[in-house]
Structure formats: structure tokens, C-alpha cells
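What follows is one structure encoded as C-alpha cells, with my remarks underneath.
Put into C-alpha cells, the structure is as follows:
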């Protein structure tokens, strides 16, 4: 009996998806007369490809895959790096090692890849700074990113700039951190930089400036497109909480 109920529920869900998304109606016949085969075929032919093109769904699939096989990213990255040692494979392996918490190995791979012509490569330097930040080596982060800025003066890397500001804050250089957050606010694509700046104002006792910035962030969020509010939900919610 439970299997029958599950089968019917699966058919109903799949048929509703067919109707809502405008898929060919012949799918409904296949789902009704061949329940498990039809539902499975529909998922792999119609649903899965669309999920891969959806950023949020893609992140969810990646998170699910990481839960089922947490070492897969590191294994695949290590194999690619072994096959061909270059900046692209080194960067990918470093990112996977950092996500896996293997910070020392991530830093080692970066330093190994920084040879000759690629010593000043922005990709590998940013990957190195991210690994150093994850390992709480904040002075090293500042040194790496100062070096990156010196060697690539025209480069704009929003994520790198953000961890530079955060590393300054972590080392107690709060005035420099505020300046970097302020510079970031002009081009950072999300709300995080401004929220972190407002939180630092609050931590330093500059309450009026913090409240003014939190209010501006929340006003901009209300006027922003729905997709922005959805993607920045975490930071908008934090701004609401901190503003009180």
C-alpha cells in the first residue's frame, strides 16, 4: 500500500510539473502508463538539464554531491593537476583543498605553481590569499594581496578586495579596513561589503554611521529587483538584525 501511495504521489508531482512548465503532453501518457520509468525518464531528460542552467539549483546539486561524496572535488582536482600542472588546474585544486579544510596543502600547491612566468599570475595569487584567509593567516593575506596589487595595478578583483578588507579588520587595522570597505562599496556586486562596513562602524562605537548605512542598505534592497533580494537574502537579513 505505501508503494502505491508513493507511486501516485510521484506521478501527480511529475504531471503537475509537466503542465506548469509547458513540456510536451505525451510525457503525461508515459508517466501514467509507465510510472517509475516515465518519471525517471522525465527527470533525466527534462528536469536535470534545466537544473544545471539554474545557478541556485546548481549550487544545491553541488552541495548534495559534496554531502554524498565529500572528497570528490579534491580527488578530481588532484587528478587534473597531476595530468597537467598549470595555473588553471592549480587554482581549481587549491579551491577544492581550501573548501575541504586542507589549508596547508592548498597553500603548498599555490606556491608550487608560482614559478617563472606565472609567479605574479592574479588567479593563483587570489587562490593563495583565499587559502591563507581560510587558515586565519591574516598578515599573510595582506602581504599576498599587496604583492598582487603591486604587480597588477589595473586589476579589479572584488572578492580579493573583500578578503583584504576583512584581513585588515582581523589584524586590528580597523581604519584601513573601513577605507577598503568604502572603496569596495562602489563596485562590489552584492551587499556583503557594505554590511561588513556597517558592522565595523557598530563595533567601533560609531553607532550613528552604522545605523545610517544599515538604513541605506535596506532601502536599496527594497528598491532592488527580486533576484537581487533573493541572492542577497543572508546579508539583507543580517542588516535588519543589526539595525534593530
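In the numbering used here, the protein residues as written are 1254 to 1497.
A virtual CB, placed ideally from N, CA and C, is assigned to each residue, including glycine.
Item	Value
So, with DSSP's three-state summary, where would you put residue 1485?	coil
Taking the Cβ atom as the reference point for each residue, do residue 1488 and residue 1422 lie within a distance shorter than 8 Å?	no
Grouping DSSP H, G and I as helix and E and B as strand, with all else coil, what is residue 1368?	coil
Does DSSP put residue 1288 in a helix, in a strand, or in coil?	helix
For the structure I just gave you, are there three or more beta carbon pairs, one from the stretch 1322-1331 and one from the stretch 1290-1298, closer than 8 Å?	no
Between 1273, 1285, 1350, 1287, which lies nearest to residue 1300 when the distance is taken from Cα to Cα?	1273
Helix, strand or coil for residue 1383? Go by DSSP, reduced to three states.	helix
Using 8 Å as the threshold, is the C-beta distance between residue 1418 and residue 1437 below it?	yes
Does residue 1332 pass the burial test, meaning 16 or more other C-beta atoms within 10 Å, or should it be called exposed?	exposed
Can you tell me whether residue 1439 is buried or exposed, with buried defined as 16 or more other CB within 10 angstroms of its CB?	exposed
According to DSSP, simplified to helix, strand and coil, what is residue 1475?	helix
Under a three-way DSSP split, which group does residue 1452 fall into?	helix
Given a threshold of 16 other Cβ atoms within 10 Å of its Cβ, counted over all protein chains shown, does residue 1279 qualify as buried or as exposed?	exposed
What do you reckon, are the CB atoms on residue 1264 and residue 1292 nearer than 8 Å?	yes
Just checking residue 1396 against the ligand HEM - is the residue's beta carbon closer than 7 Å to any of the ligand's heavy atoms?	The model depicted lacks the ligand HEM and carries no ligand whatsoever.
Could you tell me the alpha carbon to alpha carbon distance between residue 1453 and residue 1399, rounded to whole angstroms?	22 Å
Please work out which residues of its chain come closer than 7 Å, Cβ to Cβ, to residue 1225, disregarding the five sequence neighbours upstream and downstream, and give them in chain order.	There is no way to answer for residue 1225, as the model of the chain reaches only from 1254 to 1497.
Taking the alpha carbon of residue 1411 as the reference point, which residue from 1376, 1387, 1483, 1390 has its own alpha carbon closest?	1376
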